[in-house]
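In full-length UniProt numbering, the protein residues as written are 1 to 159. Idealized CB from N, CA, C, for every residue including glycine. Single-structure report; data block below.
In structure tokens form, the structure reads like this:
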């Protein structure tokens with residue numbers, strides 16, 4: 001795998017293991033149109049996502065397994081990892097990956113979303129992206145963090 005940017009592999013692994021922001025995945029439809037989808041993920045040297053077996057992206061990846069992806073912060077200072085690779089999809093009958101993602105992003109499965117996604121009749125798919133290239137960026141040195149709101153005192157002048 002080709003790695004470029006300011007971070008070494010251990011820093012990339014640390015960022016991706018700790019990030020609880022969705023991965024944005026770019027792929028192609030069978031008509032060769034670009035497509036983008038955001039999914040929850042976990043990282044172990046590959047990107048692992050869960051989605052419903054009937055999701056459009058599952059069919060798109062069956063037609064063309066080449067993907068691009070990005071995991072990046074939404075607030076300054078901006079930093080993240082982008083890359084490209086190949087995706088495979090496999091059935092996740094026991095929904096093990098989905099359960100781990102609900103734990104990671106929501107702190108558990110005992111919630112409305114968990115109840116809906118973990119229904120026995122819902123078929124789940126494990127999407128695994130094997131990276132071929134990764135590029136990191138980190139604008140911490142060039143960009144301030146978003147400052148907390150400034151307290152202006154009471155809004156009612158009589159206080």
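Beta carbon of residue i nearer than 8 angstroms to that of residue j
i	j	result
residue 128	residue 55	no
residue 22	residue 38	yes
residue 70	residue 119	no
residue 50	residue 16	no
Beta-bridge pairing of residue i - partner residues as DSSP gives them
i	result
residue 38	24
residue 1	Its beta-bridge partners do not exist; DSSP assigns none.
Span separating the alpha-carbon of residue i from that of residue j
i	j	result
residue 36	residue 139	25 angstroms
residue 82	residue 52	24 angstroms
residue 28	residue 59	10 angstroms
residue 141	residue 75	14 angstroms
residue 78	residue 43	20 angstroms
residue 111	residue 117	10 angstroms
residue 63	residue 57	10 angstroms
residue 30	residue 72	28 angstroms
residue 61	residue 19	24 angstroms
residue 94	residue 125	10 angstroms
residue 156	residue 113	Residue placement at residue 156 is poorly supported in this model, since its pLDDT is 47, which falls under 50; the coordinates are not used for a value here.
residue 13	residue 68	18 angstroms
residue 4	residue 121	43 angstroms
Exposure label - residue i; buried when at least 16 CB within 10 Å
i	result
residue 92	buried
residue 89	buried
residue 123	exposed
residue 102	buried
residue 85	buried
residue 80	buried
residue 153	Here residue 153 scores only 48 on pLDDT, less than 50, and its place in the model is too uncertain to base an answer on.
Nearest neighbour of residue i, chosen from the options [CA to CA]
i	options	result
residue 41	5, 106, 3 and 31	106
residue 48	61, 117, 130 and 68	130
Closer than 8 angstroms to chain B by CB, residue i
i	result
residue 109	As a matter of chain content, chain B is missing from the structure shown, which is built from one protein chain.
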